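**Q**
Residue numbers (the working numbering): 1458 to 2528.
1. Per DSSP, residue 1544 forms a beta bridge with which residues?
2. Helix, strand or coil for residue 1811, going by three-state DSSP, please let me know.
3. Taking its Cβ as the centre, do 16 or more other Cβ atoms sit within 10 Å of residue 2237, making it buried, or is it exposed?
4. On the premise that residue 2040 lies in contact with residue 2283, defined as a C-beta separation below 8 Å, what is that separation, rounded to the nearest angstrom?
5. Short check: CB of residue 1661 to CB of residue 1555, under 9 Å?
6. Could you compute how far the alpha carbon of residue 1472 sits from the alpha carbon of residue 1626?
7. Reducing DSSP to helix, strand and coil, say where residue 1593 ends up.
8. Rounded to the nearest angstrom, what separates residue 2000 and residue 1990 at their Cα positions?
9. Exposed or buried, what is residue 1646 when buried is set at 16 or more other beta-carbons lying within 10 Å of its beta-carbon?
10. Looking only at its chain, what residues have a beta carbon closer than 7 Å to the beta carbon of residue 2210, apart from the 5 residues adjacent to it on each side?
11. Count the other CB atoms within 10 Å of the CB of residue 1944; is the residue buried (16 or more) or exposed (fewer)?
12. Name the one or two DSSP bridge partners that residue 1639 has.
13. Suppose you measure from the CA of residue 2401 to the CA of residue 1846; what does that come to, to the nearest Å?
14. Can you find the residues in the same chain that come closer than 6 Å, C-beta to C-beta, to residue 1474, ignoring five residues on each side of it along the sequence?
15. Give the C-beta separation of residue 2311 and residue 1828 to the nearest angstrom, bearing in mind that I take them to be a contact with Cβ-Cβ under 8 Å.
16. So what's residue 2114 in DSSP terms, helix, strand or just coil?
17. List the endpoints of the continuous alpha helix (DSSP H) containing residue 1825.
18. Terminal residues of the continuous beta strand (DSSP E) containing residue 2170?
19. What do you get for residue 1578, buried or exposed, if any count of 16 or more other CB atoms within 10 angstroms of its CB means buried?
20. Using the rule of at least 16 other Cβ atoms within 10 Å of the residue's Cβ for burial, across every protein chain shown, is residue 1771 buried or exposed?
21. So for residue 1766, helix, strand or coil by DSSP?
22. What do you reckon, are the CB atoms on residue 2018 and residue 2030 nearer than 9 Å?
23. Locate the alpha helix (DSSP H) running through residue 2186, then write down its first and last residues.
24. What do you get for residue 2057, buried or exposed, if any count of 16 or more other CB atoms within 10 angstroms of its CB means buried?
25. Work out the CA separation of residue 1560 and residue 1741 for me, nearest whole Å.
26. Which whole-angstrom value describes the C-beta separation of residue 1613 and residue 1595, a residue pair presumed to lie in contact below a C-beta threshold of 8 Å?
27. In its own chain, which residues sit with a C-beta less than 8 Å from the C-beta of residue 2540, not counting the 5 before and 5 after it?
28. Measuring straight from C-alpha to C-alpha, what distance separates residue 1503 and residue 1600?
29. With three or more C-beta pairs closer than 8 Å as the rule, is the region 2132 to 2147 touching the region 2208 to 2223?
30. Take every Cβ of the region 2113 to 2121, pair it with every Cβ of the region 2288 to 2305, and state whether three or more of those distances are shorter than 8 Å.
31. Let me make sure I understand the geometry here. Which of 2034, 2296, 1939 and 2149 has the alpha-carbon closest to that of residue 2275?
32. For the candidate residues 1950, 1986 and 2047, whose alpha-carbon lies nearest to that of residue 1978?
33. Quick one, which of 2175, 2130 and 2155 has its alpha-carbon nearest residue 2145's?
34. Out of curiosity, what's the CA-to-CA distance linking residue 1536 and residue 1517?
35. Go ahead and label residue 1745 buried or exposed: buried means 16 or more other beta carbons lie within 10 angstroms of its beta carbon, across all protein chains shown.
36. What do you get for residue 2407, buried or exposed, if any count of 16 or more other CB atoms within 10 angstroms of its CB means buried?
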């Protein structure tokens, strides 16, 4: 473990050195630990060897340790002194060293620490603020003092073995550009801490293996092979104490646990010797444990680890990190690969493999973000499919103008009309929570099915589909997962209409698979809201389609769920991201219950829960994290028990989903005896729904047994067909509310949907759990939890009368704008928000959880995609090509070529394949013979006259040597000419106020000159090759002259002789 702790007081740092760093957690009088100087900055300061109190104190006070002069420019009272970086060995290694005192172990440990700190030193930076700059400059040098400790803080007066190092890095670095010492910036070091931790353990495990000790990988790291887990637990009392206290307080954040450890630590014990500690440690062990421990420590029979290549480790990291994210920080990818290859690989080999992979990345802010070619190809293919489907289908409402019910509002009628008259294959309706999307879809469905087409309704969750939609009149509604895995259902939807509700919860991969199922014959309707939670899977598909696909959208914004006007207006403001107005309206509504004490706050929530649920309609309680949900649940159950609503508790088995990614489920070393594996799809020799218990892990295989006693090996290659659970205990009483956590069936054949809530009515004679409505659960069912409090994710599709939100400091890590909007918008009449700090809550929900898409990281724009679709092929041919796997492979080739092109010229078109070139390549899908290349026909006949299957892609045009030499020579000449030009001194930067004042003064002067007629001559105006004389700024004189000329001309006209007129002849009179 690697922790980075800041120290902001010189006095506290000196005391920390005297009482913490120099002295062990146990020590005899006068016993001290000698620290060692490390780092390039220490060498520049003339520091080497042992750390002296004088040198340490000088750096703490910002003084040069040799000359005594001030080191950096500023010495403020609240100046940050430095950072303490803690490196911790695995507990089994600490016990091994404590019992053997092998000096080679200590040497290996110190070398791993030194090498890792040297890596982190390269990320040292300093601030640059000259001439308006706001950047950080890498310096690559630090000075740190290293102190090695061997025990933890005592528990009940006795410490445990705990080998760890403190590296105190001072807040000073030498800037070679400015040639002076400056304050250091540690942000990049803290950001790379997780990767450095993985590198440290990789080095340490490899070094210990070279000492002929066997190691074994675990889910969280590694341990010495053969070390009993009971021994590790007995020597981890300090960790167990902190974890227990954190569980009681509902704390899950690592930083909060560190603070809790500091607050609960005991003082150091004086006068104890190492022999005293050995005697105390020996009393904790049984005779059998001593024998096993002695064998693990002194019998160096090495068991070789399974060899892992850097490529395999990187494959694992990619599969793990990109399962739920489109864009990943570089350090997280490296850390995952290093953990996979612990004890076998080196950090250097993993970094080299990372460079060989085709990652697309750039620096965004202070983070180095990466995405994959495959991710980009999926996004581009999805967008191309939707764009290609525009204006390609007949209206769903028929050729006549559809009749729409007048009971709907105007915007609902407009949305229904958009659905029925659209000629696009993919139709979208955007609307927030409670705006009546289901109601308008009922109206649209009547007209669609009257045309002889069937509408199939789907939603991401079981509750949203099998309950909310079915109750809304869509009898056959099912989950999206069922559509993706059921071939029979896929055949039924072909040529029909697929409606996906809550589309904002679908990732790019799932929506792309739906497009594949739809093909060119099925229509797709997407309804949802991007202001709510993002998908668990990678890619915010609905948001990307709205922004880049040119998707025509009808929006419904009038809220109908909330029945109180102020409540409705508050939710409307939150849906638009207007937190200021939303919070103000919620405060006026009296929604906030601000109580600082946790116990009192949860107690008040529990009392309100009972008061609102007197009629049997209990409110919905929402919290962002499981930890705070557990505290709320405990308070509600205590209040209900006191009110006599809970009686006769019993203990049952509960299965908690470990939420492993698919890559983690396929890694044997992650499994431990006692874990539970359940299949949700049929596997090799295993039926869907079967439950197994892990017995042992050996030779890369996981041995497990079923309840019947049947033993099988876990098929790790089929890791997408099962989930892994941890077995726990749960206490239930009559009257308890429970929530089902897995889709399935009850003992009496009733359907169970993930998210269903029910009340325990009674217990059967054989221990069965009988719920309201007659549902019977097996006592070993396991897939349920307390149903008093839910997370905002699980409550997104719910609508209920009263809502209570528990969101304190303990849940700020999971707080976001989307989470707060979802939590508050579930209710119809009542909303109460229980917090300990209203202002801190407002700040926490101010940030958005919207994720960066791969195409956004790569810089793809709407213009690029429009060019991509500019082809002579028809929309149907486009969709057929892209919906095929060959089409997706072609998109991958295109993305790869574009990435390489933009590495050379980010925005200029060169001779490498461009967007236009790719479009021309796509045009080759259909040849002059009319045959579709996407169906396997080659564009050119072979020599033998036969057509080979597959498409031939045009080769990339490469630059010739002569062309490259001419370009290099021109670049050299331009560079020489630029260097010869004299450099002009930079003008001082003008402030915004001064600039505004100068501009206003100039404009006022121009206006005054115009009024006076003294304005300067305007610039010369040319129209083609002819000069045009501009008019004067003041036209009063010219107007007077023009009027005078007009009067003279009029006078001349009056003096002209009169014009002779011809007399008309008299009319002829006929008799």
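Where is the CB? At the ideal position from N, CA and C, for every residue including glycine. Note that the coordinates shown come from a computational prediction; the quantities given were computed from them, not determined experimentally.
**A** In short, the structure shows the following:
1. 1459 and 1622
2. helix
3. exposed
4. Incorrect: roughly 18 Å between the Cβ atoms, too far for contact.
5. no
6. 16 Å
7. strand
8. 11 Å
9. buried
10. 1919, 1920, 1923, 1924, 2197 and 2200
11. exposed
12. 1630
13. Its pLDDT being 42, under 50, residue 2401 is placed unreliably in this model, and the value from its coordinates should be taken loosely. Approximately 39 Å between the Cα atoms of the pair.
14. 1513
15. 4 Å
16. strand
17. Element bounds for residue 1825: not the alpha helix (DSSP H) but the beta strand (DSSP E), 1824 to 1828.
18. 2168 to 2170
19. buried
20. buried
21. coil
22. no
23. From DSSP, residue 2186 is part of no alpha helix (DSSP H) but of the beta strand (DSSP E) over 2179 to 2191.
24. exposed
25. 25 Å
26. Not a contact, Cβ separation roughly 48 Å.
27. This structure cannot settle anything about residue 2540, because the visible part of the chain is limited to 1458 through 2528.
28. 11 Å
29. no
30. no
31. 2034
32. 1950
33. 2175
34. 10 Å
35. exposed
36. Residue placement at residue 2407 is flagged as unreliable, the pLDDT there being 38, under the threshold of 50; the coordinate-derived value follows with that caveat. When all chains shown are included, residue 2407 counts as exposed.
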